[in-house]
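Undergrad: This structure is in structure tokens; I'll ask about it shortly.
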Amino acid sequence: MSSNTQSTNYTSLFEASLANPETFWAEQAEQIAWFKKPETVLGKDANGLDRWYAGGQLNTCYLAIDYHVQHGRGAQVAMIYDSPVTNTIQKYTFAELQHKVAKCAGALRALGVEKGDRVVIYMPMIPETAFAMLACARLGAVHSVVFGGFAPHELAIRIEDAEPKVVISASCGIEFDRVLPYKPLLDEAIELAAFKPKHCLIYQRSMCHAPMLEGRDVDYEDAVAKADPTECVPVDATHPLYILYTSGTTGKPKGVVRDNGGHAVALKFSMHHVYDAHAGDVFWAASDFGWVVGHSYILYGPLIAGCTTILFEGKPVRTPDAGTFWRVIADHQVKTFFTAPTAFRAIKKEDPEALLKDKYDTSSLQNIFVAGERCDPPTLEWLQKIAQLPITDHWWQTESGWPMVANMMGLEAFPVKAGSATKPVCGYNLKIVGENGQELEANHEGYVCLKLPLPPGFTPTLWNDDARFKSSYLKKFAGYYLSGDGGYVDEDGYVFIMGRVDDVINVAGHRLSTGEMEEFVASHPAVAECAVVGIADELRGQRPVGFVVLKDGIGIDETALESELVGIVRDQIGAVAFFRTAILVKRLPKTRSGKILRKTIRQIADGESYTVPSTIDDPVILEEIAQTLQRRAVGQAFENQRI
Ligand code: COA
Ligand code: AMP
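For the working numbering, count along the sequence shown from 1 and bump the result up by 111.
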């Protein structure tokens, strides 16, 4: 526990944060260096949405880099690039990072990028991705990072919505030992998109050279070499720092907006109070810049807090083995480690006794955090046993940008209850709400909601779509934010998040929309209707399975259809969707009003008990679904019972 917070316990700080949010967050705002202090702490914008710190001016890149250079940390290592897939370890001090980022910002400015312009970044896990994100922040440009596992169609949707002046990309990524060319995917995406960026800044990696399109494409290294280093441009606290698209329930992803002021204050607060990480500490979030964890806790959070961050280009296994995480922790003296439970499940599968851990001195490690999906009790217990350290499951989402429920390790560590992410974090007035909008009592499961106002750092709106923000999150229960998760709070105030209550699933820590997959499956000419359901998966937590009804009179072999549907989803969404199974069924179970009973299908596949809904059209269909799952040996209930 940090010395400066020992006198404050969780309860007093948490209660203060809810009793008077403005006083609380005004105090927290003192922890960052503003160019101009905010005029109001919490106010409303023209559309009635809450905005933090209006009138304040700052620059997030300044807070992450220049501030530390000016305050004696220039020689401290700011970022370590550790890439087992290219056999590289490269360290950058804060002073070196400042130079790299200022030059990259200069290159962007030379291509016409100024404050408020958007820049899409489609990159693998390399230092240039971090330079590019920080360079945008330096200019006040708005970056939108697109995960490398997404296919051209997904990239195109994001380009169309964000309308970037420039796209930054690299010639390729590396997955295990495979080189995956990115540039052809980018070219295809631009071809597909109605909006065309003026320029693409392409980083050519040594293992793969991408052909360039004259007039549009610019070589990253040439442009940066020629560029003048650029200063930090002051922006308003409410100015967007980035847009990060995340899956909603439809094919159109939601452009989650992060502002500069609230984000910086919230991340600094969380680094200290949730993660117990402080200037000089080594902090490692093994995730990807394409996800919110990568934005908040590979890049901005650790750097704003003056920590050394680790940028890892590899996987928990097979790069080269299941000991790679322990090796990185030992090599770089990591104090705080954060990843998704699925990564530990992958390690556990290959090295159940954690024998590879014994090869390394991991004594620097003090805390392990997991998020992205619920940490299942067997994984938690395994981790507790092999690491002999506090393991913190904490709950958050792209929209929040920082943890909403956690054991606040920098404040007061509570005993862990398996299956719970512990207690609401300061600033989050979490309530469990029932179908009729009433707040539920302890141990009653309902919608996990946040009573307004949302704290700083939380998305204030969706990009160019206040109306969708209001209808998706604020409309169902007046005065509350609807998280999309279901769960309950127990008699001790511990929060149990039980899973999504909408059509979003989590596959290996990646948030995906089954609704979007259904749109693609249904686009096949033989398909009359379909349902895509996230069923339990031992490694990935969940995986999508398609249930398909054929059009009358169509004769097509199930295996052939399956491989075509798998191909469509892979081509349109990307390999990361992990859509590998499509099953033919005669009919889909529906309510009399026509709503497909996806939850019941999932319960049958997972072997969970379920009640036959009273509104079901024909209960026999559930029997048929069970028989079909058994025939295909799909789902944990049937995997070993093929007939
Ligand atoms: N660029 C291109 N392709 C990518 C990619 C990327 N950045 N990330 C994943 N893919 C591809 C993979 O190559 C794979 O393709 P394939 O079907 O051709 O083999 C597919 O997407 C599925 O990837 P994934 O689900 O990651 O499976 P995997 O077998 O490669 O790895 C794990 C499994 C569990 C090791 C891996 O998913 C993992 O490390 N998960 C942790 C997730 C995480 O950090 N989430 C962030 C939230 S904190
Ligand atoms: P994302 O926006 O990609 O970060 O995904 C957010 C979603 O992941 C949440 O709404 C939850 O459904 C799930 N999630 C993330 N962390 C946890 C956790 N610790 N426990 C349970 N679910 C989680």
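No residue lacks a Cβ here, since even glycine has one placed at the ideal position from N, Cα and C.
I believe G645 touches P655 by the beta-carbon criterion, under 8 angstroms. Please report the beta-carbon distance rounded to the nearest angstrom.
TA: So it is a contact: roughly 6 angstroms between Cβ atoms.
Undergrad: Using the DSSP secondary-structure output, state which residues sit across from M190 in a beta bridge.
TA: DSSP output for M190 lists Y203, T420 as bridge partner(s).
Undergrad: Between K57 and K562, how many whole angstroms is the CB-CB distance? I'm expecting something under 8 angstroms.
TA: No information on residue 57 is available, as it lies outside the stretch 112 to 754 that the chain covers here.
Undergrad: Would you check if the distance between the CB atom of Q747 and the CB atom of F380 is smaller than 7 angstroms?
TA: Cβ atoms of Q747 and F380: not closer than 7 angstroms.
Undergrad: For V188 and T419, what's the separation of their Cα atoms in angstroms?
TA: Whole-angstrom Cα-Cα distance: 6 angstroms.
Undergrad: What number of angstroms, rounded off, separates the C-alpha of T116 from the C-alpha of G521?
TA: Confidence in T116 is poor, its pLDDT being 42 and thus under 50, which makes the residue's placement too unreliable to answer from.
Undergrad: Report the option in V731, K148, K363, K426 whose CA atom is closest to the CA atom of G284.
TA: Selected option, being the one with the closest Cα: K426.
Undergrad: Would you identify the three-state DSSP class for K309, choosing helix, strand or coil?
TA: Coil, per DSSP.
Undergrad: To the nearest whole angstrom, what separates the beta carbons of F400 and L410, a pair I think is in contact under 8 angstroms?
TA: So it is a contact: roughly 7 angstroms between Cβ atoms.
Undergrad: Should the region 508–515 be called in touch with the region 366–379, which here means at least 3 C-beta pairs below 8 angstroms?
TA: Short answer: they touch.
Undergrad: Taking contact to mean 3 or more Cβ pairs, one atom from each stretch, closer than 8 angstroms, check whether the region 222–229 and the region 390–405 are in contact.
TA: The answer is no - the region 390–405 does not touch the region 222–229, with fewer than three Cβ pairs under 8 angstroms.
Undergrad: Would you kindly check if the distance between the Cβ of F455 and the Cβ of L491 is under 7 angstroms?
TA: In this structure, F455 does not lie closer than 7 angstroms to L491 by Cβ.
Undergrad: Of all the beta strand (DSSP E) runs that stay within the bounds of the region 253–315, which reach a length of 3 or more residues?
TA: Segments of the beta strand (DSSP E) lying fully in the region 253–315: 253–256, 277–281, 283–286, 289–292, 310–314.
Undergrad: If you count every other CB in all the chains shown that lies within 10 Å of the CB of R289, and 16 or more means buried, which is it?
TA: Answer is exposed; the Cβ neighbour count stays below 16.
Undergrad: Is there at least one non-hydrogen atom of the ligand AMP closer than 6 angstroms to the beta-carbon of R654?
TA: R654: no, Cβ never under 6 angstroms from the ligand AMP.
Undergrad: From the DSSP output, which residues share a beta bridge with T692?
TA: The partner list for T692 (beta bridge, DSSP) reads V656.
Undergrad: Which of the three DSSP states, helix, strand or coil, is assigned to A639?
TA: A639 falls in the strand class under three-state DSSP.
Undergrad: Considering only heavy atoms of the ligand AMP, does any lie closer than 6 angstroms to the CB of E265?
TA: No, the Cβ of E265 stays beyond 6 angstroms of every heavy atom of the ligand AMP.
Undergrad: Could you check where the alpha helix (DSSP H) with I732 kicks off and where it finishes?
TA: Segment 731–743, the alpha helix (DSSP H) holding I732.
Undergrad: Run the CB neighbour count on H320, radius 10 Å, all protein chains shown included, and call it buried at 16 or more, exposed below.
TA: Exposed, by the Cβ-count rule.
Undergrad: Report all residues from its chain with a CB closer than 8 angstroms to the CB of L500; omit the five preceding and five following residues, and keep chain order.
TA: These residues qualify, in order along the chain: L476, Q477, N478, I479.
Undergrad: Let me confirm a value: M609 is counted as buried when at least 16 other C-beta atoms fall within 10 Å, else exposed. Which label applies?
TA: Exposed.
Undergrad: Taking the Cβ atom as the reference point for each residue, do L676 and A688 lie within a distance shorter than 7 angstroms?
TA: Going by C-beta atoms, L676 is not nearer than 7 angstroms to A688.
Undergrad: Our contact map puts P308 next to P340 with C-beta atoms below 8 angstroms; I'd like the distance itself, whole angstroms only.
TA: Actually they are not in contact, since the Cβ atoms of P308 and P340 sit about 24 angstroms apart, beyond 8 angstroms.
Undergrad: Report the residue ranges of all alpha helix (DSSP H) runs contained in full by the region 385–433; include only those spanning at least 4 residues, in chain order.
TA: 412–415, all fully within the region 385–433.
Undergrad: If we require 3 or more residues per run, which beta strand (DSSP E) segments fall completely within the region 565–600?
TA: Here the runs fully enclosed are 591–600.
Undergrad: Residues in the same chain with beta-carbon distance under 8 angstroms from F287, minus the five sequence neighbours each way, listed in chain order, please.
TA: So the list reads V196, K426, R429, T430, once near-sequence residues are dropped.
Undergrad: Does the region 171–187 come close enough to the region 310–326 to have 3 or more Cβ pairs within less than 8 angstroms?
TA: No, because fewer than three Cβ pairs between the region 171–187 and the region 310–326 fall closer than 8 angstroms, the two stretches do not touch.
Undergrad: Could you check which residue in Q209, A451, A388, V516 has the C-alpha nearest to that of G405?
TA: Closest option to G405, Cα to Cα, is A451.
Undergrad: Using a Cβ-based criterion (distance less than 6 angstroms to any ligand heavy atom), does V403 qualify as near the ligand AMP?
TA: It does: the Cβ of V403 is within 6 angstroms (strictly closer) of some heavy atom of the ligand AMP.
Undergrad: Leaving out five residues on either side along the sequence, give the residues of the same chain with a beta carbon under 7 angstroms from the beta carbon of E133.
TA: Counting only Cβ-Cβ distances below 7 angstroms, and skipping sequence neighbours, we find V152, L153.
Undergrad: For A716, which of helix, strand or coil comes out of DSSP?
TA: Helix, per DSSP.
Undergrad: D577 to G483, Cα distance in whole Å?
TA: In a straight line, the C-alpha of D577 is about 26 angstroms away from that of G483.
Undergrad: R703: buried (16+ other C-beta within 10 angstroms of its C-beta) or exposed?
TA: By the 10 Å Cβ count, R703 comes out exposed.
Undergrad: Rounded to a whole number of angstroms, what is the C-alpha to C-alpha distance between E126 and Q209?
TA: Spanning the two alpha carbons is a distance of roughly 39 angstroms.
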